[in-house]
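For the sequence shown, the residue numbers in mature numbering (1 follows the signal peptide of the UniProt record, and there is no 0) are -16 to -1, 1 to 177.
See below for the structure under consideration.
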Amino acid sequence: MLFLVLFAALDGGGLPQQHRTVCALGLLFGTIGDFLLGISKHGLIPGAVAFGIGHLFYMSLFISRPIKIYWPVVYFTAAWGVVIAILIFLPVAKEHPIAVFLFAIYAVILKLCLIITTSQYIHRDASDKDEGLYYRFLGFSLFYLSDSVLILGDAGFPIPFSGKLCLAAYYSAQFLILCGNIHSGLYVKNKTA
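Dropping the structure here:
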């Protein structure tokens, strides 16, 4: 992750300095989230806060593009959010209200990233080079998968190879999001709605 942070900050694949800085900050907060998750059994919530900040940096790179919502991803993320809330968060909400609240905010930020990037890819302009939009959509899809596996495993739901699946999806997600941000920054016109 530190290599990706340095690459984004120093080279960024040809991105302008401002975009490189934003990409590097998104990755840096992801690295902080990794560290917080890794050093403590109780690092999930502080890690989620760091990841949420990183996602906000990422989102600033693509939120200005037009968004025509792709409703199936909204329905899917809403339904999955209800399942996770019922299975994992409602049982502990009275005992840990602040932790549940912070994680809920993080979950909303990640869902927004997934919904927006999916919608931008599905409803892309015919003149856009779609490779960057695809990478970003795929990256946030993998991030969503990684977090789902992590939270289910942390709550005691057995998932085969959960550790390997979570890490593979997460690191692939970070790489693909960076690739998507670079490609979109270079080749996709930043149209306004």
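Ideal placement from N, C-alpha and C gives every residue a C-beta, glycine not left out.
How about LEU20 and ALA8: do their beta carbons lie closer than 8 Å?
no
Going by C-alpha distance, which of LYS95, SER168 and PHE159 is nearest ARG(-14)?
With the sequence shown as reference, residue -14 is identified as Phe, and Arg is not the correct amino acid for it. Of the candidates LYS95, SER168 and PHE159, the one whose C-alpha sits nearest the C-alpha of PHE(-14) is PHE159.
Just reading off the alpha helix (DSSP H) that ILE16 is part of, what are its end residues?
1 to 23
When the Cα of SER130 is compared with those of TYR155, GLY116, ARG108 and ILE106, which residue comes out closest?
TYR155
If contacts are defined as beta-carbon pairs under 8 Å, then PHE127 and ALA157 qualify, I think. What distance do you get, rounded to the angstrom?
4 Å
Chain-order list of residues whose beta-carbon lies under 8 Å from that of TYR105 (same chain, five-residue window excluded):
ASP114, LEU117, TYR118, ARG120 and PHE121
On the three-state DSSP scale, how would you describe ARG49?
coil
Using the Cβ count rule (16 or more neighbours within 10 Å means buried), how would you classify LYS52?
exposed
Evaluate the contact criterion for the stretch 142 to 156 versus the stretch 83 to 90: three or more CB pairs, one atom per stretch, below 8 Å.
no
Is the beta carbon of HIS3 less than 8 Å from the beta carbon of GLY164?
no
Return the chain-ordered list of same chain residues with a C-beta closer than 7 Å to the C-beta of LEU136, the five sequence neighbours on each side being excluded.
ILE143
Between which two residues does the alpha helix (DSSP H) containing VAL76 stretch?
That residue, VAL76, is in no alpha helix (DSSP H); it is neither H nor E in DSSP.
DSSP on TYR54, reduced to helix/strand/coil?
coil
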